[in-house]
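K.L.:
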Amino acid sequence: MRTINLTSPQNWQELTPKQLLFISDLYLNKYEESEFLTRALIGLAGLIPVPHKIEAAEMELLFSFRTSEENPFQLTTAEMHEMSTRLKWLLESPGLCTPPSLGKYIPVNNRLFGVPLEQYLLADAHYIRFAKTKDRSILDKFAAALYRNKENELWNDQAWKNRIPKFSKRSMAELNAVFIWFTGVKAFIMAKYPYVFPNSTGSGGESAPDEQILQLLANLNGGDVTRNRLIMETHVHEVLFELNLKIENSQQK
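FYI, numbering that gives the first Met the number 0 numbers position 123 of the sequence shown as 122, with every residue one higher than the one before it.
If you want it as structure tokens, here you go:
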């Protein structure tokens, strides 16, 4: 019996940026579950259909494929179904993954390490607005806030505004991939700092409104509002870690 070695990602973290783009495009096509999973299997496992090779054996259809490393082989419908159901995690809320580069633009760290609070809040505000309105222009602004013109470039509000027209020319699949990734990283952040986001299930839904975050910042400025600018420039994980610790300590007193 011939052994065929087929591999595909087992979770969101194993998706490559190219595979995330592929899945993003599948989402936008709104396929029924079975077709979505079948197409996902074919794409993620690198299956290449062999034309005109659908055969029947013992009343069951056989589908012929090949891969870049395998000669043509056949899979039954039962085998296709069994393998595709292993990808049902794609139908659940996104987890941590890695966003793709978009042309010359480079994404920030996939866990938002090194991202200042101001940049995070700006992206999050546009994320929430797009989720509610589905306005493409808001999606452009959201995605542009999470990319840089070059590696190690510091956050710059004007550079973000200059990027927006460029992002309006990117495909929906590309921008939707950014949206999917941010959904996953929001869930990661909410789970990591549960005292800051007490009502979150960690499923990637809406975060606390900006007003609530900014109100919590008052715990850090010691009543000195002139420190707010410095806090906004501080990396988001540093701010949320300190906020989380302060709230936890206050609740345990």
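Don't be surprised by glycine CBs; every beta carbon is placed ideally from N, CA and C.
The structure displayed is predicted, hence computed values, not measured ones.
Between residue 168 and chain B, is the shortest Cβ-Cβ distance under 7 angstroms, so that the two count as touching?
P.N.:
Looking for chain B here will not work: only one protein chain is present.
K.L.:
Would you check if the distance between the CB atom of residue 154 and the CB atom of residue 115 is smaller than 7 angstroms?
P.N.:
In this structure, residue 115 lies closer than 7 angstroms to residue 154 by Cβ.
K.L.:
Which same chain residues end up closer than 8 angstroms to residue 250 when comparing Cβ atoms and leaving out the 5 residues on each side of it in sequence?
P.N.:
Once the five neighbours on either side are set aside, the close Cβ partners of residue 250 are 194.
K.L.:
Find the nearest neighbour of residue 9 within the set 67, 78, 95, judged by alpha-carbon distance.
P.N.:
Among 67, 78, 95, the Cα nearest to that of residue 9 is on 95.
K.L.:
Would you decide whether residue 238 is buried or exposed? Buried here means 16 or more other CB atoms lie within 10 Å of its CB.
P.N.:
Burial call: buried.
K.L.:
Between 227, 17, 197, which lies nearest to residue 102 when the distance is taken from Cα to Cα?
P.N.:
For the residues 227, 17, 197, the minimum Cα distance to residue 102 belongs to 17.
K.L.:
Residue 183: which of 123, 5, 157, 73 sits nearest, CA to CA?
P.N.:
Of the candidates 123, 5, 157, 73, the one whose C-alpha sits nearest the C-alpha of residue 183 is 123.
K.L.:
With residue 73 as the anchor, note down where its beta strand (DSSP E) starts and where it stops.
P.N.:
Its beta strand (DSSP E) spans residues 72-75.
K.L.:
Applying the 10 Å Cβ sphere with the 16-neighbour rule, what's the burial state of residue 136?
P.N.:
With fewer than 16 Cβ atoms within 10 Å of its Cβ, residue 136 is classed as exposed.
K.L.:
Do you know offhand how far residue 246's Cα is from residue 73's?
P.N.:
About 58 angstroms.
K.L.:
Pull up the CB-CB distance for residue 166 and residue 139, whole angstroms please, since I reckon it's below 8 angstroms.
P.N.:
That belief holds up - the Cβ atoms of residue 166 and residue 139 are roughly 4 angstroms apart, short of 8 angstroms.
K.L.:
Counting pairs of beta carbons, one from the region 59-72 and one from the region 42-50, are three or more of them closer than 8 angstroms?
P.N.:
As far as the Cβ criterion goes, the region 59-72 touches the region 42-50, which means the pair count is three or higher.
K.L.:
Taking residue 132 as part of the alpha helix (DSSP H), name the residues at either end of that continuous run.
P.N.:
Element bounds for residue 132: 116-132.
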